[in-house]
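Written below as structure tokens is the structure these notes are about.
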Amino acid sequence: MRDPLFLNEEQVREHLHMDELIPAMEKALIDFSAGKVTQPVRSVITVDPPGGFFGLMPARTPEGLGLKIVTFYTSNAKLGIPTHMATIFLVDPVTGAPLVVMDGRLITEMRTAAVSAAATKLLAPPDAKVLAILGSGVQARSHVEALRLVRSFEEIRVWSPTRGNAEQFAKEIGGKATSAEEAVHGADVVVTVTNSKMSILRGAWLKPGCHVNAVGACRPDWRELDDEAMQNVVFVDSREAALKESGDVILSGANIYAELGEAFAGKVPPRTNETTIFKSLGMAVEDIESALLVHRSVTRSKS
């Protein structure tokens, strides 16, 4: 029995690639919605003060078995350190022997954007040209990278609660900083990646037939989208998780049309001619499958 590997963030970055991650996330969601994954809804402990969250996310997938431990402290932004930090632990599904312990911060960042990209590839207008990003943190950056792989955007508009952050982010990606309403108006794809606890996106702003990736608001009393926005065709990664964790779904009383994995598998029509909302919460199956990609790549490079 070999000693487990230990991989830091830079080692993970070397072995994880967005173009491979997007189809892997599509497969992971198909497996989840087909009942091939054992995954309890994440267990969360509130750490107050300072107002942080400590989450445990285990999963058994068709190919892997493991656990992610994740922390979420919004107050870290003022300290100049990541608001999300994580560690992923994989074991051999056959023997239970430890395989690898790896940094999970980058995986969380990349797999979240990869899932949004997979959703955008399926649900957004094929000729989408205008992207609106509400938010300017690491998820905003990762989403721009991922979404550019599935659509050819001619214009990217950015809004952030802090104008200076929006302007800096817009400069980095060749976009334009503007108000939230101006960013969203006429956009073909909209991404919300903020720490907002109240709705920042109004349904009245949405272009008919556009697609929204709603990524923030991961608590049952937080939201990014108003009731009108949530009256559109709503997809989720997990029905069970959305009804427990998503303030956007719970507080609006939204009707969940389908899990994304059901649409990927062709079990329900994607309704791409309508306005679609993908409410993303993030799941352990996504982390385990991402970590497996890294572990396989490291193993190949050592052989």
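Straight run, no breaks: the sequence shown in our numbering ends on number 387. Backbone N, C-alpha and C define an ideal beta-carbon position, used for all residues, glycine too.
Are Arg303 and Leu190 close, meaning C-beta to C-beta below 8 angstroms?
In this structure, Leu190 does not lie closer than 8 angstroms to Arg303 by Cβ.
Quick check on Phe173: buried or exposed, where buried means 16 or more other Cβ atoms within 10 Å of its Cβ?
With 16 or more Cβ atoms within 10 Å of its Cβ, Phe173 is classed as buried.
Val128 versus Tyr157, Ala181 and Asp187, residue with shortest Cα-Cα distance
Tyr157
For Leu207, which of helix, strand or coil comes out of DSSP?
helix
Inter-residue Cα distance where the pair is Lys205 and Ser280:
26 angstroms
If you run the structure through DSSP and keep just helix, strand and coil, what is Val234?
coil
I'd like the list of long-range same chain contacts for Glu308, defined as Cβ closer than 7 angstroms, with 5 residues on each side in sequence excluded.
Thr276, Thr278, Ser280, Ser283, Ile284, Leu285, Ala298, Gly300, Ala301 and Asp332
For Asn339 and Val382, what's the separation of their Cα atoms in angstroms?
43 angstroms
Looking at the structure shown, is Val277 part of a helix, part of a strand, or coil, going by DSSP?
coil
Write down the C-beta distance between Lys152 and Asp371 rounded to the nearest angstrom, noting that I regard them as a contact closer than 8 angstroms.
4 angstroms
Helix, strand or coil for Met102? Go by DSSP, reduced to three states.
Residue state, collapsed to three classes: helix.
On the three-state DSSP scale, how would you describe Asn297?
strand
Best match in Gly287, Gly150, Gly188 and Ser117 for proximity to Gly270 [C-alpha to C-alpha]
Gly287
Have a look at Gly293 and Ala267 and give me their C-alpha separation to the nearest angstrom.
16 angstroms
When the Cα of Ile217 is compared with those of Trp289, Asp211, Ala230 and Ile240, which residue comes out closest?
Ile240
Where does His101 land, buried or exposed, given buried means 16+ other C-beta within 10 angstroms?
exposed
Provide the residue span of the beta strand (DSSP E) that contains Ala143, from first to last.
Start and end: Gly136 to Arg144.
Return helix, strand or coil for Asp288, following the three-state DSSP convention.
The residue asked about is misnamed: residue 288 is Ala in this sequence, not Asp. DSSP places Ala288 in helix when its eight states are reduced to three.
Excluding the 5 residues flanking Ala212 on each side, which residues of the same chain have their C-beta closer than 6 angstroms to its C-beta?
Arg235, Asp272 and Val273
What do you reckon, are the CB atoms on Phe116 and Ala203 nearer than 8 angstroms?
no
Write down every uninterrupted run of the alpha helix (DSSP H) in the stretch 151–215 whose length is 4 residues or greater and which is fully enclosed by it, in chain order.
189–207
If you measure between the beta carbons of Ser159 and Gly135, is that distance less than 8 angstroms?
A contact, by the Cβ cut-off of 8 angstroms.
Residue burial classification, Lys363 (beta-carbon count within 10 angstroms, cutoff 16):
buried
Between Val121 and Met109, what straight-line distance do the alpha-carbon atoms span, to the nearest angstrom?
13 angstroms
In chain order, what residues of the same chain have a beta carbon less than 8 angstroms from the beta carbon of Ser200, not counting five sequence neighbours either side?
His227, Ala230, Leu231, Val275, Asn297, Val299, Phe362 and Ser364
With a CB to CB cut of under 7 angstroms and the five nearest residues on each side skipped, what residues in its chain are close to Asn249?
Cβ neighbours of Asn249 beyond the five flanking positions: Ser220.
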